[in-house]
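Peer 1:
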Amino acid sequence: MSRKSKASASAATGSSTGGREQNREQYYAELERLQMGALWTVYRTVLTREPQRREVPYLWPWEMVRPQLLRAGEMVSTDEAERRVLMFLNPGNPARIGATATLYAAAQLILPGESARAHRHSPAALRFIIEGSGAFTCVEGEKVRMSPGDLILTPSMVWHDHGNDQDQAVMWLDGLDIPLMASFNCMFLEEFTSEVQQESMPPSRSEKLYGRGLFPSGSTPEPKGPYSPVWAYRWTQAREALECLAKSGDPDEFDGHLIRYANPASGGEILPTMGCRVQLIPKGMHCRARRQTASSVYHVAEGSGYSVLDGVRFDWKKGDTFAVPVWCWQEHAAETTDAVLFSLTDHPLLAPLGLVRSQPYPENNGFQAVRSVFGEQPG
Ligand code: 1HN
């Protein structure tokens, strides 16, 4: 606008600078009523130079979670609750559903003699067994037994119910892509025609047919769906692989010895929205710091150690779960024992969108300075 036309515009509205402001406020209010908005008022808050988030790094210690879960066992049956689950809620997550913006995590308890009804839904789920043996998940008519450290998958729209026909309480970590499904508004749930599924397949069929490098041929259908055809990844095997990897060479400077759970049919991730990793950090190793666009939930499978997350030290031990949100500086260390961390990540969804980024910590020789300790009052 030329000087002349600017002057005539303000003459036309008869305004000084203050009047112009007032006009703008009235204009924005009018747009609001018309269900419109001026981009320039929010441009910088929408299009940020780097990821912004409300979620924070956070840790749920097992010694706090376990008694609360057992209390839930006294207060509510699986019949009443559908699933007896305590959610890990990130204090910054506005929807009060996620451990990060994309990942839901929780602890579930099933007591001896109980079952949790059969259903299927659009969110995909995975379970990492924390404590107890002998419960099972029935996945598409196949009984999959649980032992500590096992990973069990129930992908999107796959029928599943849980049962405990043994004599111990069984507890596990649930990981779901619920925040994503909620943001897509793509939630579907169906209840099965009976409380639990008939056992229509041989036990552990998926592991025997697809998990051992021996695929069925002929009339047995090829694995379908964008997910692993293997419902269970056993701890004994994951642990053995870690042990072997540790003897095969030096640890990665960021990850220690890291293994990715893979879909044996494709070599890719186990689920399209969530991937799993397990890493061994040898006693005395302090991994370098970096940040990533992928967010993660970590669960301590063995040993103890600590992580520095955005300058805060989080000490952890077996059974603890912690959330690492997007673009959060993170580094992990094991001090007095080897540590094994299981994790879930939204990496599989970011990869095909071209959103995978990782940045090593640029200062201080690649390690963060510790500002405070999680759980301690500052000062
Ligand atoms: C679900 O189906 C399970 O099957 C656990 O164990 C947690 C959270 C939200 C929606 C469905 C389960 C869940 C869930």
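Numbering (my numbering), first residue to last: 804 to 1182.
Glycine included, C-beta positions come from ideal geometry on N, C-alpha and C.
(1) How is ASN1066 classed by DSSP in three states: helix, strand or coil?
(2) Is GLN911 near the ligand 1HN - that is, is its Cβ less than 7 Å away from at least one heavy atom of it?
(3) Check whether the region 1124-1131 touches the region 1054-1065, taking contact to mean three or more Cβ pairs, one atom from each stretch, closer than 8 Å.
(4) Please classify VAL1176: is it buried, with 16 or more other beta-carbons within 10 angstroms of its beta-carbon, or exposed?
(5) Quick one: Cα of GLN871 to Cα of ALA1068, how far?
(6) Looking at the strands, I want to know which residues DSSP matches up with ARG1042.
(7) Assuming THR922 and PHE991 form a contact by the criterion Cβ under 8 Å, report the distance between their Cβ atoms to the nearest whole angstrom.
(8) Buried or exposed: which applies to TRP1183, given that a residue is buried once 16 or more other Cβ atoms fall within 10 Å of its Cβ?
(9) Relative to the alpha-carbon of LYS1086, which residue among ILE900, PHE931 and SER1107 has its alpha-carbon at the smallest distance?
(10) According to DSSP, what are the bridge partners of HIS1089?
(11) Using a threshold of 8 Å, state whether the C-beta atoms of LEU956 and TRP1034 are closer than that.
(12) Mind listing, in chain order, the continuous alpha helix (DSSP H) runs of no fewer than 4 residues lying wholly within the region 892-970?
(13) Is the distance from the Cβ of LEU889 to the Cβ of ALA909 below 8 Å?
(14) What are the boundary residues of the beta strand (DSSP E) that GLY978 is part of?
(15) Under the three-state reduction of DSSP, which class applies to TRP1034: helix, strand or coil?
(16) Is it buried or exposed, VAL1070, if we count other Cβ atoms within 10 angstroms and call 16 or more buried?
(17) Please state whether DSSP places CYS1047 in a helix, a strand or coil.
(18) If we ignore side chains and look at the alpha-carbon of each, how far apart do THR1096 and GLN855 end up?
(19) Drop a sphere of 10 angstroms on the beta-carbon of ARG899, count the other beta-carbons inside from all chains shown, and report buried for 16 or more, exposed for fewer.
(20) For the alpha helix (DSSP H) that TYR831 lies in, which residues bound it at each end?
(21) Less than 7 Å between C-beta atoms, sequence neighbours within five positions excluded: which residues of the same chain meet that for PRO1181?
(22) Between the alpha carbons of GLU1002 and PHE931, how many angstroms are there, rounded?
(23) Go ahead and pull the three-state DSSP assignment for TYR795.
(24) Please name the residue or residues paired with GLY1059 in a DSSP beta bridge.
(25) Just to check, is the beta-carbon of ARG886 closer than 7 Å to a non-hydrogen atom of the ligand 1HN?
(26) Around the Cβ of ASP953, are there at least 16 other Cβ atoms within 10 angstroms (buried) or fewer (exposed)?
(27) Would MET949 be called buried (16 or more neighbouring beta carbons within 10 Å of its own) or exposed?
(28) The ligand 1HN and LEU979: does the residue's C-beta get closer than 7 Å to at least one heavy atom of that ligand?
(29) Does the contact criterion of 3 or more C-beta pairs under 8 Å hold for the region 1044-1056 versus the region 1005-1021?
(30) Please find out if some non-hydrogen atom of the ligand 1HN comes closer than 7 Å to the beta-carbon of PRO982.
Peer 2: Here's the rundown:
(1) Residue mapping note: residue 1066 aligns to position 263 of the sequence shown, counting from 1. Coil at ASN1066, not helix or strand.
(2) Numbered from 1 along the sequence shown, position 108 holds the residue referred to as residue 911. Yes, the beta carbon of GLN911 sits closer than 7 Å to at least one heavy atom of the ligand 1HN.
(3) The region 1124-1131 is not in contact with the region 1054-1065.
(4) Position 373 of the sequence shown holds residue 1176. Flag for VAL1176 reads exposed.
(5) To locate residue 871, count along the sequence shown from 1; it is residue 68. To locate residue 1068, count along the sequence shown from 1; it is residue 265. Taking the straight line from one Cα to the other gives about 40 Å.
(6) The residue labelled residue 1042 in the question sits at position 239 within the sequence shown. BP columns for ARG1042 are empty, so no partner.
(7) Within the sequence shown, residue 922 is the residue found at index 119, counting from 1. Within the sequence shown, residue 991 is the residue found at index 188, counting from 1. Position check: residue 922 holds His in this sequence, whereas Thr was assumed. Between PHE991 and HIS922 the Cβ distance is about 11 Å, and since that is not below 8 Å, they are no contact.
(8) The question about residue 1183 has no answer here: the residues shown for the chain are numbered 804 through 1182.
(9) If you number the sequence shown from 1, residue 1086 lands on position 283. Nearest to LYS1086 by C-alpha distance, out of ILE900, PHE931 and SER1107, is SER1107.
(10) Your numbering for residue 1089 matches position 286 in the sequence shown. HIS1089 is bridged to ALA1136.
(11) Within the sequence shown, the letter at position 153 stands for residue 956. Within the sequence shown, the letter at position 231 stands for residue 1034. In contact: LEU956 and TRP1034 (Cβ atoms closer than 8 Å).
(12) Taking only runs of at least 4 residues, no alpha helix (DSSP H) segment lies wholly in the region 892-970.
(13) The residue given as residue 889 occupies position 86 in the sequence shown. The residue given as residue 909 occupies position 106 in the sequence shown. The Cβ-Cβ distance between LEU889 and ALA909 falls below 8 Å.
(14) Sequence index remark: in the sequence shown, residue 978 carries index 175 (1-based). 973-979 is the span of the beta strand (DSSP E), which, as asked, contains GLY978.
(15) Within the sequence shown, the letter at position 231 stands for residue 1034. Coil.
(16) Here residue 1070 refers to the residue found at position 267 of the sequence shown. One point to set straight first is that residue 1070 is Gly, not Val, in the sequence displayed. Of the other Cβ atoms in all chains shown, fewer than 16 fall within 10 Å of the Cβ of GLY1070; this residue is therefore exposed.
(17) The residue labelled residue 1047 in the question sits at position 244 within the sequence shown. Reduced to three states, the DSSP call for CYS1047 is helix.
(18) Within the sequence shown, residue 1096 is the residue found at index 293, counting from 1. Within the sequence shown, residue 855 is the residue found at index 52, counting from 1. Roughly 11 Å separates the two Cα atoms.
(19) If you number the sequence shown from 1, residue 899 lands on position 96. Under the 10 Å beta carbon count, ARG899 is surrounded by fewer than 16 other beta carbons and is classified as exposed.
(20) Mapped onto the sequence shown, residue 831 falls at position 28. Residue range 820-836 is occupied by the alpha helix (DSSP H) that includes TYR831.
(21) Within the sequence shown, numbered from 1, the residue matching residue 1181 stands at position 378. Excluding sequence neighbours, PRO1181 sits near SER1175.
(22) By one-based count along the sequence shown, residue 1002 stands at place 199. By one-based count along the sequence shown, residue 931 stands at place 128. Going by the C-alpha atoms only, they are around 22 Å apart.
(23) Here the chain covers residues 804 to 1182 and nothing more, so residue 795 does not appear.
(24) Working through the sequence shown from its first residue, we reach residue 1059 at position 256. Per DSSP, the beta-bridge partners of GLY1059 are ASP1055.
(25) Translated into positions along the sequence shown, residue 886 becomes position 83. Result yes, Cβ under 7 Å from the ligand 1HN.
(26) Your numbering for residue 953 matches position 150 in the sequence shown. Buried, because 16 or more other Cβ atoms sit within 10 Å of the Cβ of ASP953.
(27) Locating residue 949 in the sequence shown gives position 146, counting from the first residue. With 16 or more Cβ atoms within 10 Å of its Cβ, MET949 is classed as buried.
(28) Locating residue 979 in the sequence shown gives position 176, counting from the first residue. Yes - the ligand 1HN has a heavy atom lying nearer than 7 Å to the Cβ of LEU979.
(29) Counting C-beta pairs with one atom in each stretch, the region 1044-1056 and the region 1005-1021 have fewer than three that are closer than 8 Å, which means they do not touch.
(30) On the sequence shown, residue 982 is found 179 positions in, with the first residue counted as 1. It does not: the Cβ of PRO982 is nowhere closer than 7 Å to a heavy atom of the ligand 1HN.
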